[in-house]
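Residue numbers (the numbering used here): 30 to 89. We treat Cβ as the ideally placed atom computed from N, Cα and C, and that holds for glycine. The structure presented is a predicted model; accordingly, all values stated were derived computationally and were not measured.
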């Protein structure tokens, strides 16, 4: 398994951990909130870069 897949699996595990913690009323943990925020920022950034590449290829 390559490092990219391992990072994706780790990110999914963190988000699932946050969800389970929320179910048990412990979802307000600072470290989990920060990790999930960073993961969401990275995801949105990657998607915006992909969109930019598609638009660049289409119009250039």
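Practice item. Starting from the C-beta of residue 58, find all residues in its chain whose C-beta is less than 7 Å away, skip the five residues before and the five after it, and write them out in chain order. Key: Non-local C-beta neighbours of residue 58 in its own chain, meaning closer than 7 Å and more than five positions away in sequence, comprise 50, ordered along the chain.
Review point. Of the residues 37, 88 and 31, which one's Cα is nearest the Cα of residue 71?
Key: Selected option, being the one with the closest Cα: 37.
Practice item. Give the C-beta separation of residue 44 and residue 77 to the nearest angstrom, bearing in mind that I take them to be a contact with Cβ-Cβ under 8 Å. Key: The C-beta distance from residue 44 to residue 77 rounds to 20 Å, too long to meet the 8 Å contact threshold.
Practice item. Determine the DSSP secondary structure at residue 103, reduced to helix, strand or coil. Key: Residue 103 cannot be examined here, being either before or after the span of the chain that is shown, 30 to 89.
**Study point:** Counted within 10 angstroms of its Cβ, other Cβ atoms place residue 55 as buried (16 or more) or exposed
**Key:** Looking at its Cβ environment, which holds fewer than 16 other Cβ atoms inside 10 Å, residue 55 is exposed.
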